[in-house]
Every structure is written in C-alpha cells, then in structure tokens.
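Going down the list, the protein sequences come from chains Y and W. Counted the way the working numbering counts, the first sequence spans residues -18 to 265. Counted the way the working numbering counts, the second sequence spans residues -18 to 265. To keep things clear, I will list the structure first and then write my remarks on it.
2 protein chains.
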Amino acid sequence: MQVDNTPKRTLINGIDAEYLSVDDRGLHYGDGLFETIKLMDGKLCYWQEHYRRLQTSAQTLRIACPPQSVFEQDIRNLLQSSPDTGVIKIILTRGSGERGYAVSKTSQPTRIVQLSAMPQYDEQFYQQGIRAGFCQHRLSANPALAGIKHLNRLDNVLARNTLDKGCQEGIMLDQQGRVVEGCMSNLFFIKQGVLHTPALRDAGVDGVIRQQVLALAAEAGWSCRISDVTPQDVLTADEIFFSNSLIGLWPVRQLDDITLASIAHCQQLAAQLARHEKDHATSL
Amino acid sequence: MQVDNTPKRTLINGIDAEYLSVDDRGLHYGDGLFETIKLMDGKLCYWQEHYRRLQTSAQTLRIACPPQSVFEQDIRNLLQSSPDTGVIKIILTRGSGERGYAVSKTSQPTRIVQLSAMPQYDEQFYQQGIRAGFCQHRLSANPALAGIKHLNRLDNVLARNTLDKGCQEGIMLDQQGRVVEGCMSNLFFIKQGVLHTPALRDAGVDGVIRQQVLALAAEAGWSCRISDVTPQDVLTADEIFFSNSLIGLWPVRQLDDITLASIAHCQQLAAQLARHEKDHATSL
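So this is what it looks like as structure tokens:
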C-alpha cells in the first residue's frame, strides 16, 4: 500500500485542530465510535448508510449523535481546500470528563472529522487476488458489542501485527473458533454457487459494504447464507473475498497453503458494486 | 464522591500539555495501557508493582515501555509545583501512526503522566459499607487480554452507567455468567472463614491491590481461594468487599436486596493494608 503525501486535515467539533483534549474519553476508555468513508470525485460513497450506522450505534452506547447536517457541514468545510478524492474518517466520542467510568451529566460528545489521502492499493490485488492467512489472535466475545464499529480495537491491532508479513489480510476467529471477519474487512466465500458470510453473533463489525454485497448478490438472484462458519468451511471454499469501504472487494488467490483457482464471482460483484456505489454517492 | 478543585497537570512525553495528537492510536483503537496510582504525602503507593505491571502488559501488547526512571522524572516534575497528595494516572499508547491497524516501524510510544486531585470518598463507605448491585452489561471474553489494564474499557463504561444510581459499585459477570470483578475494582468475599476472589480467566483486571490483599491474607494465616465464582456464591457470602488503588477496601453493606451483617474481615485487612501501603510507598 502506498500513501500519497497530501496533508491530512482534521476538524474537531467543527474547528481545524491537530490536537484533542487529553481528557477525552475516546482516549481513556475507547468510549466512542468511528466510520471510514470513501470520497470519490467530491462525492461521499454510501454516506446515508454510514451515518445511519453511526446514529444507531451511538444509540446503543447512549452517546448523543449530532445531526447528519452537522457532519455534512464539517465535510463541506474540509472539501473547500482539499482534493476531492480521499478518505473521510469520523470519530464520535462521549467527550471529555472527570476521571472514572461514570459519565458526567455535563459532558458533550466530541466530533472528529478527518480528510486524508486515499490509499493506493496495488492493482494486482484486484486483478489476481491477495494472499491471506488465519490470525492467531482471536476477537473478544460480547454479543452486546457485536456489529458495532466502536473504538475498542485492540484485537484488530494485535491480530494485524502478528499476521505473516506476506499477507494483505488476515482472517479472525471468535472465542469459539468460528470465522468472523478480516482484520479490516468482512469476509465472503462461494461454495457450490452459494454466497456465504459469517453471522456476527459475538464479535465483528457489520460493514456498510457487507450489507451492499448481500443486497446486490440477492438482486442478481444468487443464494446467500449468513451463518456460523468454521475455518474448514473457508478452507474448502471455491472462492473467497474481503470487503470494506475503501478497498471495495479483494479476491483471495492464496490462503495459507491453498491456491484458489477462481475469482470470477468476486469480479462480477465488484463490477456491480462499482456501479451501485456511484449511484449511491452523495454530493454535499 | 467529591472532587476538589485543584487543577490537573499533565505531561505528554515529558512536556506540559493539555492536548494530544488526534492521530494517536490510543484514541483510534484504544491501543495502549494505563495505571492509576495513589500519591500520599509525596510518596507513590506500590509504585514498583504498578510499574512492573505496566512493563509486563506492554510486553504482551508489544508496546515499547520507557524505563522506570523516565516515568519517575515525569512524576518528580509534576510534584514540584503541586500538592503532594492526589492521583497519578499513567497512560502509555503505541503512539501516532498512519491510518490502519498495521503499526508503522517509525511510531514511538506516547507517555502521558497526569496528576489530579484525590477523590474524597464518603467515610461511611469505609465504616458502614457501600451499596452494590449486579451489572447487566457483561465483560467481553478474551483470555489473551484478561488481567491487562488496557484502554479498551467500553464494557466498564457501559456497566457503570447502567447501574442503579444508588449503588457505589457494580459486580460484573463474564460471558459465561461467572463473577469477575467490580466496574472499577476487584472483588473479594468471605465464606466460612475462607477468602475468595474470582479467577480472571476470560476478563478482568489483575489489580495491584488484589495482589496485596491476597498476600496479606495469606500472611495472616487465612485460607485464600482463587477460582470460578457464581453470582450465587457471592449472594450467599458472609462478607463482600471491593479493592482498588484509590479506594483501598470498601466493604459491602447491601447487595441488591441482601443486607450483609459483617464487615469485620474487611476492616481487619484494611488496617493491615494501610500499614503495608505506607511501607511500600516510594519517595521519588
């Protein structure tokens, strides 16, 4: 992955800033949420879906979520002086507070909106597929937090950084040994013509692109199945691919010692997704 | 709890600062550790033990831990201009980095050392005991993270803030329904003369005071047992108490509908702990 040198720009509660209060609960407890959104030719891909997830997750964590228009104003401000393609990262924390887990009545959420350069992924990853492996570090189990894109991401960090260096993505298991997702993506596989993705019972992030892939596949008349998945299910798949908001879809060419012959389903879905993404991009 | 108005003072990497880089991985992923240390009459209580835990945990998370002397210099600097009693909070993160879970080779850990006022807990909590309840929100399960005082503390936040308002502390269960700890403390109970505390198999923080309580009780000839604990075990205990570095020991007078008659063991241990703490406080 190459990153260009366009400087990042960040707004904290609407104001240009590179520094955050050291008392923010986002730092002390990971007490917050985030979204990573692709900005393409001045348009935000799946903005409605990202905002809706942020709002729903904030409700679950009982963090007050600012209105959509407030984030849109921030993003418009960032776009005035910056390239029109890149990554918008939103972080919403419960704000600053006194020491201790109890939330003070006066604390106001912190809204961070950051524009940075789009990572330049190798074109071969899309055309020929990536190398993937199984991560040793497993995801923490908690049905009450499963699906939510919260800031407690130590599992993903530890899994990513103990993964074989030659791998572009790793497969993470939950505490039961079930397959959940990639370190930074959701996972799909094809077996006997059926599209499978793991149920997110105890862990995992319910990705915006995950939802789109399921909807597009169903629209195309494919059979789709969300269920418990074992490593053996993945190892005997006909095709495997990963999804996230920035990469789109990455087919897998090599999983541990296994070479996968086909990436055809992934490429067909990727083409559909590219069109759909354009139709669901918001001009602010 | 009352908090006095002595202003906080914070050093980030040794320099007075109230703001942290918005790119710090502590914020983005909870990628770091913390320690909360009691400062009493210019002396740091159990400083060796706190530093040792920080160092061991940093090794587990593969974060480079600065030498003890570096933290000691920070604390000496803070003490020059401040009251000699309060709370020292240390946060150690993996530092700033590019977007993404992968750790860049150039990233340097961030060292935050903060001095704030000692919370003034109600003297009745010690003399007559507190009210406690069971938390609905359960701890995430992950043996690879159990015991470590890391920054992924969303569980503690959610548990604390859904606890009955009249309770000073809540009891947290793991995903199996076993008792683990308090929201901000470790838990002990006495049953038929034996001191019990939960094993921290899948979750929980291995508190510095937890270790001291076990050692002091063993020294006094008490039988001690670390094992799996059910809510029923706690509900049928003769005595229950909580421990942490700031509160010391809090006996429980009321747990849900149950009134506990005795706080004698807790008070005996608390007196021993107060003496031991003084003997194990470090002058910097």
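All C-beta atoms in this analysis are idealised placements derived from N, C-alpha and C, irrespective of residue type, glycine included. In this text the structure is predicted, and so the values were computed from the model without any measurement.
{"Check": "W:ASP108 versus Y:LEU126: straight-line alpha-carbon distance, rounded", "Outcome": "In the sequence as presented, Asp is not what sits at residue 108 of chain W; that position holds Gln. Going from the Cα of W:GLN108 to the Cα of Y:LEU126 covers about 38 angstroms."}
{"Check": "Buried versus exposed, by CB contacts within 10 Å (16 or more), W:ALA184", "Outcome": "buried"}
{"Check": "Neighbouring residues, chain Y, relative to W:TYR0 (Cβ below 9 angstroms)", "Outcome": "ALA(-2), GLU(-1), TYR0, LEU1, SER2 and VAL3"}
{"Check": "Spatial distance of W:VAL84 from Y:GLY128 (CA atoms)", "Outcome": "24 angstroms"}
{"Check": "Beta bridge counterpart(s) of Y:GLN108 as assigned by DSSP", "Outcome": "Bridge partners of Y:GLN108: none, in fact."}
{"Check": "Counted within 10 angstroms of its Cβ, other Cβ atoms place W:ALA122 as buried (16 or more) or exposed", "Outcome": "buried"}
{"Check": "Alpha-carbon to alpha-carbon, W:ALA180 and Y:VAL138", "Outcome": "26 angstroms"}
{"Check": "Pairwise C-alpha distance: Y:ASP55 and W:SER264", "Outcome": "49 angstroms"}
{"Check": "Secondary structure, alpha helix (DSSP H): runs of 4+ residues fully inside the segment 14 to 69 of chain W", "Outcome": "28 to 42 and 49 to 61"}
{"Check": "Start and end residues, beta strand (DSSP E) containing W:LEU154", "Outcome": "150 to 154"}
{"Check": "Other residues of its chain near W:GLY78: CB distance less than 6 angstroms, five sequence neighbours each side excluded", "Outcome": "ARG6, SER85 and SER88"}
{"Check": "Assigned secondary structure, W:ALA122 (DSSP; H/G/I helix, E/B strand, else coil)", "Outcome": "strand"}
{"Check": "Proximity test, Y:ALA125 beta-carbon vs the ligand MG heavy atom, cut-off 7 angstroms", "Outcome": "In the structure on display, the ligand MG does not appear, and there are no ligands present to speak of."}
{"Check": "Pairwise C-alpha distance: W:ARG182 and W:PRO124", "Outcome": "6 angstroms"}
{"Check": "Interface flag, W:SER204 vs chain Y, CB-CB below 8 angstroms", "Outcome": "no"}
{"Check": "Short CB-CB distance (under 8 angstroms) between W:MET153 and chain Y", "Outcome": "no"}
{"Check": "Coil, strand or helix - W:GLN248 by DSSP", "Outcome": "helix"}
{"Check": "DSSP state of W:ALA180 mapped onto helix, strand, coil", "Outcome": "coil"}
{"Check": "Where Y:ALA83 falls: helix, strand or coil (DSSP)", "Outcome": "coil"}
{"Check": "Residues near W:ALA224 in its chain [Cβ-Cβ closer than 7 angstroms; skip 5 each side]", "Outcome": "According to the sequence displayed, residue 224 of chain W carries Ser and not Ala. SER166, ASN167, PHE169, GLY188, ILE190, ARG191, VAL194 and LEU230, listed in sequence order."}
{"Check": "Whole alpha helix (DSSP H) elements within the segment 205 to 249 of chain W, 4-residue minimum", "Outcome": "212 to 216"}
{"Check": "Within chain Y, the residues that W:MET99 reaches when beta carbons sit closer than 9 angstroms", "Outcome": "Neighbours of W:MET99 on chain Y: none; closest Cβ ~10 angstroms, over 9 angstroms."}
{"Check": "8 angstroms Cβ cutoff, W:ARG33 in contact with chain Y", "Outcome": "no"}
{"Check": "When Y:ARG206, Y:TYR82, Y:LEU216 and Y:ASP145 are compared against Y:GLY11, the one with the closest alpha-carbon", "Outcome": "Y:TYR82"}
{"Check": "Min CB distance Y:GLN156 to chain W below 8 angstroms", "Outcome": "yes"}
{"Check": "Proximity test, Cβ basis, 8 angstroms: Y:MET165 and chain W", "Outcome": "yes"}
{"Check": "Stretch-stretch touch, CB-based, cutoff 8 angstroms, three pairs: the segment 227 to 242 of chain Y with the segment -7 to 8 of chain W", "Outcome": "no"}
{"Check": "Y:ASN167 - containing beta strand (DSSP E), residue span", "Outcome": "167 to 172"}
{"Check": "Proximity test, Cβ basis, 8 angstroms: W:LEU132 and chain Y", "Outcome": "yes"}
{"Check": "Inter-residue Cα distance where the pair is W:ILE228 and W:PHE106", "Outcome": "10 angstroms"}
{"Check": "Contact set between Y:VAL94 and chain W, taken where Cβ atoms lie within less than 7 angstroms", "Outcome": "Correct list: empty, because the minimum Cβ distance to chain W is about 11 angstroms."}
{"Check": "Collapsed DSSP secondary structure at W:ASP4 in the structure displayed", "Outcome": "coil"}
{"Check": "Against chain Y: residues of the segment 174 to 189 of chain W by CB proximity under 9 angstroms", "Outcome": "ASP183 and ALA184"}
{"Check": "Spatially closest choice to Y:THR41 from Y:LEU20, Y:TYR27, Y:ARG75 and Y:LEU8, by CA coordinates", "Outcome": "Y:ARG75"}
{"Check": "Beta carbon proximity, W:THR87 to chain Y, threshold 8 angstroms", "Outcome": "no"}
{"Check": "W:PRO48 versus W:ALA199 - alpha carbon distance", "Outcome": "32 angstroms"}
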